[in-house]
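Student: Line order of the protein sequences matches chains A and B.
Just so you know, our numbering puts 45 at position 42 of the first sequence, and the rest follows in order with no gaps.
Just so you know, our numbering puts 166 at position 163 of the second sequence, and the rest follows in order with no gaps.
Note that the Cβ used here is the ideal one computed from N, Cα and C, for glycine as well.
Once you've had a glance at the structure underneath, I'll fire off some questions.
2 protein chains.
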Amino acid sequence: MIVTKSGRRMFPTLQMTVTGLQLHSLYSFIVDLKCVDQKRYRYSFHQSKWIATGPGEPELPSRVFLHPDSPAPGRHWMKGPISFDKIKLTNNQMDTRGHIIVNSMHKYQPQISILKHNSVEKRETFSFPETTFIAVTAYQNHRITSLKIERNPFAKGFREGDVDDEMRGHLNLFKPFFSSISSHFQYS
Amino acid sequence: MIVTKSGRRMFPTLQMTVTGLQLHSLYSFIVDLKCVDQKRYRYSFHQSKWIATGPGEPELPSRVFLHPDSPAPGRHWMKGPISFDKIKLTNNQMDTRGHIIVNSMHKYQPQISILKHNSVEKRETFSFPETTFIAVTAYQNHRITSLKIERNPFAKGFREGDVDDEMRGHLNLFKPFFSSISSHFQYS
DNA sequence: GTGTTGTCACCTAGGTGATAAAAT
DNA sequence: ATTTTATCACCTAGGTGACAACAC
Numbered sequence: 004m005i006v007t008k009s010g011r012r013m014f015p016t017l018q019m020t021v022t023g024l025q026l027h028s029l030y031s032f033i034v035d036l037k038c039v040d041q042k043r044y045r046y047s048f049h050q051s052k053w054i055a056t057g058p059g060e061p062e063l064p065s066r067v068f069l070h071p072d073s074p075a076p077g078r079h080w081m082k083g084p085i086s087f088d089k090i091k092l093t094n095n096q097m098d099t100r101g102h103i104i105v106n107s108m109h110k111y112q113p114q115i116s117i118l119k120h121n122s123v124e125k126r127e128t129f130s131f132p133e134t135t136f137i138a139v140t141a142y143q144n145h146r147i148t149s150l151k152i153e154r155n156p157f158a159k160g161f162r163e164g165d166v167d168d169e170m171r172g173h174l175n176l177f178k179p180f181f182s183s184i185s186s187h188f189q190y191s
Numbered sequence: 004m005i006v007t008k009s010g011r012r013m014f015p016t017l018q019m020t021v022t023g024l025q026l027h028s029l030y031s032f033i034v035d036l037k038c039v040d041q042k043r044y045r046y047s048f049h050q051s052k053w054i055a056t057g058p059g060e061p062e063l064p065s066r067v068f069l070h071p072d073s074p075a076p077g078r079h080w081m082k083g084p085i086s087f088d089k090i091k092l093t094n095n096q097m098d099t100r101g102h103i104i105v106n107s108m109h110k111y112q113p114q115i116s117i118l119k120h121n122s123v124e125k126r127e128t129f130s131f132p133e134t135t136f137i138a139v140t141a142y143q144n145h146r147i148t149s150l151k152i153e154r155n156p157f158a159k160g161f162r163e164g165d166v167d168d169e170m171r172g173h174l175n176l177f178k179p180f181f182s183s184i185s186s187h188f189q190y191s
């Protein structure tokens with residue numbers, strides 16, 4: 004995942020559906036990033052894979068992303084997929100804009116917390132392994148670059164089309180969808 | 004104010020500051036448009052003014068604009084000016100997008116309501132005379148058109164500049180501000 | 001004649017990876 | 001040698017009034 008000083012969105016977007024909430028109780032949804040191991044990674048071009056290369060940076064002041072709809076009744080959250088597309092990542096430890104701070108070349112696991120606003124607050128935290136990533140300031144793997152260019156609408160300018168837009172639209176019908184990672188959670 | 008089928012923002016933007024709210028009580032802010040008289044208007048080019056010309060259209064199904072921050076604690080609303088820039092007006096009576104429906108060539112008075120979410124709900128409605136307007140599908144008065152072009156950033160393409168942007172920036176320092184109508188209310 | 005609609009060029013605002021320069 | 005930064009062209013997304021065509 005690309006990380007910049009001014010903050011970069013995640014792509015694909017973190018997204019989830021949830022069932023089992025109480026229709027009229029208030030909930031908040033919070034995302035944070037857990038550094039999965041205290042290791043620095045480097046990409047081996049020969050082996051085409053990431054390799055852990057020893058002790059990483061110290062843990063960073065942890066920031067969280069509060070979903071802008073929070074707090075909202077269960078009814079609202081269950082209307083459809085909950086999208087975290089406004090999350091921005093930065094490697095600037097002095098960031099003042101509230102973005103989530105990460106160390107480049109480190110591996111992260113997004114965590115989602117559901118906060119239930121009752122007389123007693125209840126917090127439940129969970130994560131989906133399919134959403135782990137390594138933060139970078141420049142892509143290390145050409146196939147990741149291609150995937151992002153193909154799937155992110157904002158990178159359309161880098162697509163080199165032997166097919167025009169209309170034809171591409173038809174072709175896309177046969178490709179797996181990949182503009183968000185959609186996970187599901189059953190609240191209980 | 005221009006009105007279209009698909010919905011048009013208001014310009015200048017409705018905006019207000021409020022004091023006197025309880026810091027931790029929840030409030031919602033609601034805007035609606037009151038048809039000030041059941042009259043249709045036409046613009047007299049000779050007299051350079053609007054003239055009432057008899058009975059207007061029947062009252063329309065009233066729609067309201069709920070400020071997207073609602074509900075929020077008093078503390079939030081008093082942090083700074085509350086902007087209603089997302090309001091959109093339409094003349095399409097079949098509108099399905101939740102925009103506020105108005106009749107063209109009729110005069111309207113925006114109303115703001117503060118809803119206090121307590122054990123007992125309290126609603127207080129008020130309006131600022133400086134924000135009345137007549138809805139149109141095309142500008143009738145050339146001086147209004149000029150004002151909008153001068154002040155609305157999105158209309159920059161229609162400014163015919165004998166001065167470049169940097170020079171204009173300096174000149175603007177001497178002009179009265181007119182990109183929003185900012186009113187104040189003391190809650191009690 | 002009068003008012004409305006759809007389309008357009010021209011903007012604001014901001015999200016992409018490429019690239020060269022800089023930092024480490 | 002490796003990683004980071006700043007800038008850029010090229011997009012998405014959507015807000016302007018002008019204007020010609022249209023409806024009544």
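#1: Between which residues of its own chain and D88(A) is the CB-CB distance below 6 Å, once the five residues before and five after are set aside?
#2: What is the residue span of the alpha helix (DSSP H) that E62(A) lies within?
#3: By the three-class DSSP mapping on this structure, what secondary structure does I90(A) have?
#4: Can you pull the DSSP bridge partners for S116(B)?
#5: Have a look at W80(B), T128(B), L26(B) and flag the residue whose alpha-carbon is nearest the alpha-carbon of I115(B).
#6: Can you have a look at F161(A) and say buried or exposed, based on whether 16 or more other CB atoms are within 10 angstroms of its CB?
#7: To the nearest angstrom, how far is it from the Cα of V39(B) to the Cα of T148(B)?
#8: Tell me the DSSP bridge mates of I5(A)?
#9: Would you call the stretch 4 to 13 of chain A and the stretch 82 to 98 of chain A touching, i.e. three or more CB-CB distances under 8 Å?
#10: Got a sec? Which residues, its chain only, sit under 6 Å from F48(B) by beta carbon, not counting five neighbours each side?
#11: With DSSP as the reference, label P76(A) as helix, strand or coil.
#12: Within this structure, are the beta carbons of A75(A) and L118(A) separated by less than 8 Å?
#13: Considering Cα atoms alone, identify which of Y44(B), D35(B), S51(B) is closest to E60(B).
#14: Counting along the chain, where does the alpha helix (DSSP H) carrying R146(A) start and finish?
#15: Among Q41(B), Q50(B), R66(B), K42(B), whose alpha-carbon lies nearest the alpha-carbon of V34(B)?
#16: Write down the C-beta distance between P84(A) and Q18(A) rounded to the nearest angstrom, noting that I regard them as a contact closer than 8 Å.
#17: Can you name, in chain order, every residue of its own chain whose Cβ lies under 8 Å from the Cβ of I137(A), other than the five neighbours on each side?
#18: Buried or exposed: which applies to P113(B), given that a residue is buried once 16 or more other Cβ atoms fall within 10 Å of its Cβ?
#19: Between Q189(B) and G23(B), how many whole angstroms is the CB-CB distance? I'm expecting something under 8 Å.
#20: Give the DSSP-derived three-state secondary structure of F68(B) in the structure shown.
#21: Nearest by alpha-carbon distance to E62(B): which of E153(B), K125(B), A141(B), I104(B) is it?
Tutor: Inspection of the coordinates gives the following:
#1: Taking the first sequence and counting its residues from 1, the one referred to as residue 88(A) is at position 85. Around D88(A): T16.
#2: Within the first sequence, numbered from 1, the residue matching residue 62(A) stands at position 59. Counting along the chain, E62(A) falls outside any alpha helix (DSSP H), and DSSP gives it neither H nor E.
#3: Residue mapping note: residue 90(A) aligns to position 87 of the first sequence, counting from 1. Coil, per DSSP.
#4: For the purposes of this step, residue 116(B) is taken as the residue at position 113 of the second sequence. Its beta-bridge partners are I33(B), T128(B).
#5: Your numbering for residue 115(B) matches position 112 in the second sequence. Checked all of W80(B), T128(B), L26(B); the closest Cα to I115(B) is T128(B).
#6: Here residue 161(A) refers to the residue found at position 158 of the first sequence. Per the 10 Å Cβ criterion, exposed.
#7: Start at 1 with the first residue of the second sequence, and residue 39(B) comes out as number 36. Start at 1 with the first residue of the second sequence, and residue 148(B) comes out as number 145. Near 23 Å, if we compare the C-alpha coordinates of T148(B) and V39(B).
#8: Walking along the first sequence from the start, residue 5(A) turns up at place 2. In the DSSP assignment, I5(A) is bridged to V139(A).
#9: Taking 8 Å as the limit for Cβ pairs, the verdict is that the stretch 82 to 98 of chain A does touch the stretch 4 to 13 of chain A.
#10: Numbered from 1 along the second sequence, position 45 holds the residue referred to as residue 48(B). So the list is empty, once near-sequence residues are dropped.
#11: Residue numbering aside, residue 76(A) sits at position 73 when the first sequence is read from its first letter. Three-state result, P76(A): strand.
#12: Counted from its first residue, the first sequence places residue 75(A) at position 72. Counted from its first residue, the first sequence places residue 118(A) at position 115. No; because the gap between Cβ atoms is not below 8 Å, this pair is not in contact.
#13: Position 57 of the second sequence, counting from 1, holds the residue named residue 60(B). Ranking Y44(B), D35(B), S51(B) by Cα distance to E60(B) puts Y44(B) first.
#14: Position 143 of the first sequence holds residue 146(A). 145 to 154 is the span of the alpha helix (DSSP H), which, as asked, contains R146(A).
#15: Start at 1 with the first residue of the second sequence, and residue 34(B) comes out as number 31. Closest by C-alpha distance to V34(B), out of Q41(B), Q50(B), R66(B), K42(B), is R66(B).
#16: Reading the first sequence from its first residue, position 81 is the one you call residue 84(A). Reading the first sequence from its first residue, position 15 is the one you call residue 18(A). P84(A) to Q18(A), Cβ: 5 Å. Contact.
#17: Your numbering for residue 137(A) matches position 134 in the first sequence. Correct list, in chain order: M4, Y44, W53, M108, H109, K110, Y111.
#18: Position 110 of the second sequence holds residue 113(B). Burial is judged here by how many other beta carbons sit within 10 angstroms of a residue's own beta carbon; P113(B) has at least 16 and is buried.
#19: Taking the second sequence and counting its residues from 1, the one referred to as residue 189(B) is at position 186. Taking the second sequence and counting its residues from 1, the one referred to as residue 23(B) is at position 20. Confirmed, Cβ separation roughly 5 Å.
#20: The sequence position of residue 68(B) within the second sequence is 65, counting from 1. If DSSP states are grouped into helix, strand and coil, F68(B) belongs with the strands.
#21: Locating residue 62(B) in the second sequence gives position 59, counting from the first residue. A check of alpha carbon separations from E62(B) across E153(B), K125(B), A141(B), I104(B) identifies I104(B) as the nearest.
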